[in-house]
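K.L.:
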Amino acid sequence: MQISLPKLFLSFLKIGAFTFGGGYAMIPLFEREFVHRYKYIKEEEFEDILVICQSLPGVIAVNFAVYIGTTLRGKKGALVSGLGVTLPSFVIIMTIAAFLYQLVDHEAVVAVFKGVRVAVVVLIFSAGVKFLKQNLHFRGVFLAFLTFTLIAVFYVHPFFVIGLLAVLGYLIYIVGEVNTHADDNA
Amino acid sequence: MLMTMLSMFITFIGIGAVAFGGGYAMLPLFERMIVDTHGWLTNTEFLDMLAIAQVTPGPISINSATFIGFQINGIIGATLATTGLVFVPVILVSLISHNAERFKKSRLAQGIFIGLRPAFVGLIFASVYSVAGDAYVDIYSVILFGVLLVLLRGFKVHPIIVIVIAAIAGYVIYI
Chain Y
-11 MQISLPKLFL SFLKIGAFTF GGGYAMIPLF EREFVHRYKY IKEEEFEDIL VICQSLPGVI
49 AVNFAVYIGT TLRGKKGALV SGLGVTLPSF VIIMTIAAFL YQLVDHEAVV AVFKGVRVAV
109 VVLIFSAGVK FLKQNLHFRG VFLAFLTFTL IAVFYVHPFF VIGLLAVLGY LIYIVGEVNT
169 HADDNA
Chain L
-18 MLMTMLSMFI TFIGIGAVAF GGGYAMLPLF ERMIVDTHGW LTNTEFLDML AIAQVTPGPI
42 SINSATFIGF QINGIIGATL ATTGLVFVPV ILVSLISHNA ERFKKSRLAQ GIFIGLRPAF
102 VGLIFASVYS VAGDAYVDIY SVILFGVLLV LLRGFKVHPI IVIVIAAIAG YVIYI
């Protein structure tokens, strides 16, 4: 049975509005909604979508929503899903932004934000440690260090560094392939 | 203002197009473009924006783009920033969703990730490096860093609770 467009929109709206902790926190909720609850998507298919959405640039939650929307209801499905997942953020953030700067001169708000800034750096640092643990081999640490040095020390533009690392990765892959074939022939 | 709008839209399209690895890996791009290149936010405003993006529901990068766009030019700015950010990825997703099998076997996609995965790590630490100076202003903030890190990684306290604790600590220390 086909899912209706309003239902698709509401499913994504609900997840967008109530998931704290960013896009990664939404993935299990997408799975519950579309694989387990409504059975519109098979488990294996969901795994594939996850891998593909993580391999593409952009916002993972939006990529996911557009992918699922396209699969279920084509272009219109992609549109309502993408809108559904982003609309809550959009409204909430604009509401906060509209009032925040009327408060910033307030002494208590200034004090609170001095503490909060520390927490934000802790969260970013911790995300870095988590990703580092997934790349704990010589090549991974070396390439991570190279990226850091180019951007932080030599102030090379991140756009350029990302391109460079993509090319390096591809070259490593090709060389690895050639070596494997050489071993096969030996 | 029209030029600012246009340059903001293009900036966000560019960020979205190369932002592999999701929200956190995107931060150095945001930081370099929004704070350094265009000066649309200061470093401390950038940190405050991130805090708000964390404690509100939704994807962090969408929250950030909406906030930045809104600061620059209200609702139109917010719409342009958010649309720009997802522009290229959404086109890619619609194309690839019809060719999933081919993409999965693509040697190019597998190859570039050998470089991009470690690049995320370097990118994230580069963000830490550049924003830390504005967060660590005295000995209290360094101590708070240690305490919060232990809570987050050692005791697995939820990130939102960590931010709330930091807010209370900030109030107690600096008022």
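So the sequences go chain by chain: Y and L.
Position 2 (the first sequence) corresponds to -10 in this note's numbering; numbering is contiguous.
Position 51 (the second sequence) corresponds to 32 in this note's numbering; numbering is contiguous.
Idealized CB from N, CA, C, for every residue including glycine.
Apart from the five residues just before and just after S122/L, which ones in its own chain have a Cβ nearer than 7 angstroms to its Cβ?
P.N.:
Hits under 7 angstroms: A116.
K.L.:
Spell out whether any CB of chain L is found under 7 angstroms from the CB atom of Y55/Y.
P.N.:
yes
K.L.:
Under 8 angstroms, with one C-beta from each stretch per pair, do the region 58 to 77 of chain L and the region 36 to 47 of chain Y reach the 3-pair mark?
P.N.:
yes
K.L.:
Counting only beta-carbon separations shorter than 7 angstroms, does K30/Y have a partner in chain L?
P.N.:
For K30/Y, the answer is no, since every Cβ of chain L falls outside 7 angstroms of its Cβ.
K.L.:
Residues in the same chain with beta-carbon distance under 6 angstroms from I146/L, minus the five sequence neighbours each way, listed in chain order, please.
P.N.:
none
K.L.:
Quick one: is N123/Y near chain L, going by C-beta distance under 7 angstroms?
P.N.:
yes
K.L.:
If you reduce the DSSP assignment to three classes, tell me which class P146/Y lands in.
P.N.:
helix
K.L.:
Using a beta-carbon distance cut-off of less than 9 angstroms, what residues from the region 144 to 171 of chain Y approach chain L?
P.N.:
Listed by position, the residues of the region 144 to 171 of chain Y near chain L (Cβ gap below 9 angstroms) are H145, P146, F147, V149, I150, G151, L152, L153, A154, V155, L156, G157, Y158, L159, I160, Y161, I162, G164, E165.
K.L.:
Between the beta-carbon of A115/Y and the beta-carbon of P99/L, is there less than 7 angstroms?
P.N.:
no
K.L.:
What in chain Y is Cβ-close to I156/L, meaning under 8 angstroms?
P.N.:
E95, A96, A99
K.L.:
With a threshold of 7 angstroms between beta carbons, is I48/Y in contact with chain L?
P.N.:
For I48/Y, the nearest CB of chain L lies under 7 angstroms from its own CB, placing it at the interface with that chain.
K.L.:
With a Cβ-Cβ cutoff of 7 angstroms, do P76/Y and G4/L count as a contact?
P.N.:
no
K.L.:
In chain L, which residues lie less than 7 angstroms from P76/Y when you measure between Cβ atoms?
P.N.:
P38, G39
K.L.:
Mind the definition here: the region 81 to 99 of chain L touches the region 10 to 28 of chain L only if three or more C-beta pairs lie below 8 angstroms; say whether that holds.
P.N.:
no
K.L.:
Any C-beta of chain L sitting closer than 7 angstroms to the C-beta of T83/Y?
P.N.:
no
K.L.:
Whose Cβ in chain Y lies nearer than 7 angstroms to the Cβ of A62/L?
P.N.:
Against chain Y, a Cβ distance below 7 angstroms from A62/L picks out nothing, because the smallest value is about 10 angstroms.
K.L.:
Do F(-7)/L and A62/L come within 7 angstroms of each other at the CB atom, strictly closer than that value?
P.N.:
yes
K.L.:
Beta carbon of Q68/Y, beta carbon of F(-3)/Y: below 7 angstroms?
P.N.:
Contrary to the premise, residue 68/Y reads as Val rather than Gln in this sequence. It is a contact, given that the beta carbons lie within the stated cut-off.
K.L.:
Please list, in chain order, the chain Y residues whose beta carbon lies closer than 7 angstroms to that of N44/L.
P.N.:
S77, I81
K.L.:
Considering only residues of the same chain and omitting the five flanking positions on each side of L133/L, which have a CB-CB separation below 8 angstroms?
P.N.:
Once the five neighbours on either side are set aside, the close Cβ partners of L133/L are P140, V143.
K.L.:
With 7 angstroms as the threshold, decide whether the Cβ of P45/Y is near any Cβ in chain L.
P.N.:
yes
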